[in-house]
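Here the structure is laid out as structure tokens; the discussion comes afterwards.
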Amino acid sequence: MTRDDIVAAYRGYIACLNAQDWPNLHRFVAEDVTYNGAVIGLAGYRDMLVEDFAAIPDLSFHIERLACDPPLVAAGLAFDCTPQALLFDMPVNGRQVHFTENVFYEFEEGRIARVWSVIDKAAIDAQL
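Structure (structure tokens):
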């Protein structure tokens, strides 16, 4: 894949997440995807995302920064949301919070095969 192909696929993936279009997630994520070093597979990845949206009904992924050096994508994602109860074991309980995620993705055969994610939990804690 070229840089432009990967960037377009990544933007399609973010649109898929924001639309909660789970039946099409397989178009963007490999069947044997890993997350922070653990093989969770497409079903586990989908379950993780479904749980995130259940806990945070107004969840929306916003790309703030994006860099691509094929086959890798690095993204800075921003979130302004209102989790209903706990978020990363912190009692948010319906308060609006802003935080970021720095995440790397590795593409193979046109889909995301590996994800490494670091969420700024300190920013959430500071708002509570």
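Numbering (the numbering used here), first residue to last: 5 to 132. We put the beta carbon where it would ideally sit given N, CA and C, even for glycine.
Taking a contact to mean a Cβ-Cβ separation below 8 Å, would you say residue i touches residue j in this structure?
| i | j | result |
| --- | --- | --- |
| Y39 | V122 | no |
| R69 | A59 | no |
| E110 | L76 | yes |
| L81 | E105 | yes |
| L132 | V107 | no |
| V11 | C72 | yes |
| L29 | F65 | no |
Would residue i be called buried (16 or more neighbouring beta carbons within 10 Å of its own) or exposed?
| i | result |
| --- | --- |
| V54 | exposed |
| P27 | exposed |
| P87 | buried |
| I67 | exposed |
| V43 | exposed |
Could you give the DSSP three-state label for residue i: helix, strand or coil?
| i | result |
| --- | --- |
| E35 | strand |
| A23 | helix |
| R7 | helix |
| G16 | helix |
| I128 | helix |
| E113 | coil |
| G98 | coil |
| D51 | helix |
| D73 | strand |
| D84 | strand |
Mind reading off the beta-carbon distance from residue i to residue j? Whole number of angstroms is fine, and I expect it under 8 Å.
| i | j | result |
| --- | --- | --- |
| E35 | G45 | 6 Å |
| F92 | I116 | Not confirmed; about 22 Å, so no contact. |
| A23 | G114 | Not really, about 20 Å apart at Cβ, beyond 8 Å. |
Check whether the Cβ of residue i lies closer than 8 Å to any Cβ atom in chain D.
| i | result |
| --- | --- |
| F92 | Absence of chain D from the displayed structure is noted, only one protein chain being present. |
According to DSSP, residue i sits in a beta bridge with which residue or residues?
| i | result |
| --- | --- |
| V119 | Y39 and Y109 |
| L91 | M94 |
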